[in-house]
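Data block below; observations after.
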């Protein structure tokens, strides 16, 4: 896999360009999020957080990152 | 006397569950929870804010190690959305005790019981412990119980309406027919509503708006705490029979 290739992903419904291929873990870290407070869905499939260090994003991937907020 | 609140083999002292929505901020919410004495709070699952990285997080204000988080499916209108939401909630940190609500009516926020029933079956099979928001229909409550629900949560009135308990009879029938805990969810407006819910024999009450939107949320949180305790004690104490005529409290013996 070419890691210096530019890719575009859809992150929480918004398009985002990445200067190089990164792992889901690196994405979470770059967003200053803590992995134990979020859940991740990649192309509509829930991802096991233990696998994200070796899970690299691909062009046009759709990723959703969710957490808990106040609710009734 | 220990009178514990049991849900899916977990035991709690407080029978009041509070929602964490509609507060001005997380710190007000956390303080209200403290005043309410609640040990379980409902939380929602939403996208993280990827623009503002410094936005405060619920988990930084309400410690999930001390307070039981009850992930809910607020805002879900289909079984598919509800299942997706709760599977994600489980992935955040292993939450299996969840509150299912599948709405079917944007105006009144009534649950869609067909979708709710379907979701309950699937989630139970996946190992979730599902507490289910439902209409006050005893037949539906029975179907939910048969589908593996761990708690029946009939509405008192529409969510956020503050109208109080509208159908005493059905709530009581639901309470009497099931072995599961029955928790009044939605529609409580004031402390007396919570007392009535508990006096009807309900095992708990879930309150959000009535506390969060009260002029003094902390005072109201405390009022609800006491109301749930008072109602429960009143229920288990065996009330006197109602009689049409008076019966003097003081003996006539020795009257002057």
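Protein chains in written order, with the numbering used here: chain E, 1 to 72; chain B, 1001 to 1256. Backbone N, C-alpha and C define an ideal beta-carbon position, used for all residues, glycine too. Since this is a predicted model, take the numbers as computed values, not measurements.
### Task
Kindly list, in the order they appear in chain B, the residues whose Cβ is closer than 7 Å to that of residue 36/E.
Residue 36/E sits at position 36 when you count from the first residue of the first chain. Those within 7 Å of residue 36/E in chain B are 1093.
### Message
Just to confirm my understanding: we take residue 1138/B, look at its own chain, exclude 5 residues before and 5 after, and list those with CB closer than 8 Å. What are they?
### Response
Here residue 1138/B refers to the residue found at position 138 of the second chain. These residues qualify, in order along the chain: 1170, 1173, 1174, 1177.
### Query
Between residue 1105/B and the rest of its own chain, which residues show a CB-CB distance below 8 Å, the 5 nearest in sequence each way excluded?
On the second chain, residue 1105/B is found 105 positions in, with the first residue counted as 1. Counting only Cβ-Cβ distances below 8 Å, and skipping sequence neighbours, we find 1112.
### Message
With a threshold of 8 Å between beta carbons, is residue 62/E in contact with chain B?
### Response
To locate residue 62/E, count along the first chain from 1; it is residue 62. It does not: the Cβ of residue 62/E has no partner Cβ on chain B nearer than 8 Å.
### Message
Checking 8 Å against the spacing of the C-beta atoms, do residue 21/E and residue 7/E come in under that value?
### Response
As a working mapping, residue 21/E is identified with position 21 in the first chain. As a working mapping, residue 7/E is identified with position 7 in the first chain. Yes. Within cutoff.
### Query
By how many angstroms is the C-alpha of residue 1197/B removed from the C-alpha of residue 38/E?
Residue numbering aside, residue 38/E sits at position 38 when the first chain is read from its first letter. Residue numbering aside, residue 1197/B sits at position 197 when the second chain is read from its first letter. Whole-angstrom Cα-Cα distance: 36 Å.
### Query
Who pairs with residue 1020/B in a beta bridge, going by DSSP?
Counted from its first residue, the second chain places residue 1020/B at position 20. The partner list for residue 1020/B (beta bridge, DSSP) is empty, contrary to what the question assumes.
### Query
Rounded to a whole number of angstroms, what is the C-alpha to C-alpha distance between residue 1025/B and residue 1200/B?
As a first step, residue 1025/B must be located in the second chain, where it is residue number 25. As a first step, residue 1200/B must be located in the second chain, where it is residue number 200. Their backbone Cα atoms lie some 34 Å apart in a straight line.
### Message
Taking the straight line between their C-alpha atoms, what separation do you get for residue 1010/B and residue 1204/B?
### Response
Here residue 1010/B refers to the residue found at position 10 when the second chain is read from its first residue. Here residue 1204/B refers to the residue found at position 204 when the second chain is read from its first residue. Roughly 14 Å between the two C-alpha positions.
### Query
Which residue's Cα is closest to the Cα of residue 1083/B: 1019/B, 1132/B, 1033/B?
As a working mapping, residue 1083/B is identified with position 83 in the second chain. Ranking 1019/B, 1132/B, 1033/B by Cα distance to residue 1083/B puts 1132/B first.
#### Entry: Backbone CA spacing between residue 1097/B and residue 50/E [nearest angstrom]
To locate residue 1097/B, count along the second chain from 1; it is residue 97. To locate residue 50/E, count along the first chain from 1; it is residue 50. Rounded to whole angstroms, residue 1097/B to residue 50/E spans 22 Å at the Cα level.
### Message
At a threshold of 7 Å, does residue 1213/B count as lining the ligand MG (C-beta to nearest heavy atom)?
### Response
Among the components modelled here there is no ligand, and therefore nothing to report on the ligand MG.
### Message
Per the DSSP calculation, residue 1072/B is bridged to which residue(s)?
### Response
Mapped onto the second chain, residue 1072/B falls at position 72. In the DSSP output, where bridge partners are listed per residue, residue 1072/B has 1099/B.
### Query
If you draw a straight line from the alpha carbon of residue 1129/B to that of residue 1149/B, how long is it in whole angstroms?
Your numbering for residue 1129/B matches position 129 in the second chain. Your numbering for residue 1149/B matches position 149 in the second chain. Straight-line Cα distance between these residues: approximately 7 Å.
### Query
For the stretch 1008-1021 of chain B, which residues have a beta carbon sitting closer than 9 Å to at least one beta carbon of chain E?
1018, 1019, 1020, 1021
### Task
Take residue 1162/B as the anchor and find which of 1107/B, 1221/B, 1210/B, 1116/B has the nearest alpha-carbon.
Locating residue 1162/B in the second chain gives position 162, counting from the first residue. Residue 1210/B is the option with its Cα nearest to residue 1162/B.
### Query
With contact counted as at least three CB pairs below 8 Å, one residue from each stretch, are the stretch 1182-1196 of chain B and the stretch 1228-1246 of chain B in contact?
yes
### Task
Kindly list, in the order they appear in chain E, the residues whose Cβ is closer than 7 Å to that of residue 1088/B.
If you number the second chain from 1, residue 1088/B lands on position 88. Neighbours of residue 1088/B on chain E, chain order: 39, 41, 46, 66.
### Task
Can you give me the start and stop residues for the beta strand (DSSP E) that residue 1154/B sits inside?
Walking along the second chain from the start, residue 1154/B turns up at place 154. Unbroken beta strand (DSSP E) run through residue 1154/B: 1151-1154.
#### Entry: Within-8 Å CB hit, residue 1026/B to chain E
The count along the second chain starts at 1 and reaches residue 1026/B at position 26. Closer than 8 Å to some Cβ of chain E, the Cβ of residue 1026/B qualifies, so yes.
### Query
Assuming residue 1225/B contacts residue 1016/B under a Cβ cut-off of 8 Å, what Cβ separation, rounded to an integer in Å, is found between them?
Translated into positions along the second chain, residue 1225/B becomes position 225. Translated into positions along the second chain, residue 1016/B becomes position 16. With 8 Å as the limit, residue 1225/B and residue 1016/B qualify as a contact, their Cβ atoms being about 6 Å apart.
### Task
Ignore the nearest five residues each way along the sequence and tell me which others in residue 1056/B's own chain have a CB closer than 6 Å to its CB.
One-based indexing of the second chain puts residue 1056/B at position 56. Closer than 6 Å at the Cβ level, and outside the excluded window around residue 1056/B, lie 1026.
### Message
Looking at chain E, is there any beta carbon in it that lies within less than 8 Å of the beta carbon of residue 1167/B?
### Response
Here residue 1167/B corresponds to residue number 167 of the second chain, with the count starting at 1. No, residue 1167/B lies away from the interface with chain E (no Cβ there is under 8 Å from its Cβ).
### Query
Just the Cα atoms here: how many angstroms apart are residue 56/E and residue 1072/B?
The residue given as residue 56/E occupies position 56 in the first chain. The residue given as residue 1072/B occupies position 72 in the second chain. Each residue's alpha carbon lies about 31 Å from the other.
### Task
Given a cut-off of 8 Å, decide if residue 1186/B and residue 1212/B are closer than it, judged by their beta-carbon atoms.
Taking the first residue of the second chain as 1, we reach residue 1212/B at position 212. Taking the first residue of the second chain as 1, we reach residue 1186/B at position 186. No, these two residues do not count as a Cβ contact at 8 Å.
### Task
With a cut-off of 8 Å on the beta carbons, I'd call residue 1018/B and residue 1033/B a contact; round off their distance for me.
To locate residue 1018/B, count along the second chain from 1; it is residue 18. To locate residue 1033/B, count along the second chain from 1; it is residue 33. Yes, residue 1018/B and residue 1033/B are in contact; Cβ-Cβ is about 6 Å, under 8 Å.
#### Entry: Through-space distance from residue 29/E to residue 1218/B, alpha-carbon basis
To locate residue 1218/B, count along the second chain from 1; it is residue 218. To locate residue 29/E, count along the first chain from 1; it is residue 29. For residue 1218/B and residue 29/E, the distance between alpha carbons rounds to 37 Å.
### Task
Could you check which residue in 1110/B, 1126/B, 1051/B, 1115/B has the C-alpha nearest to that of residue 1143/B?
Mapped onto the second chain, residue 1143/B falls at position 143. Measuring from the Cα of residue 1143/B, the nearest candidate turns out to be 1115/B.
### Task
Return the residues of the stretch 1058-1073 of chain B that lie within a Cβ-Cβ distance of less than 8 Å from chain E, sorted by chain order.
1058, 1059, 1069, 1071, 1072
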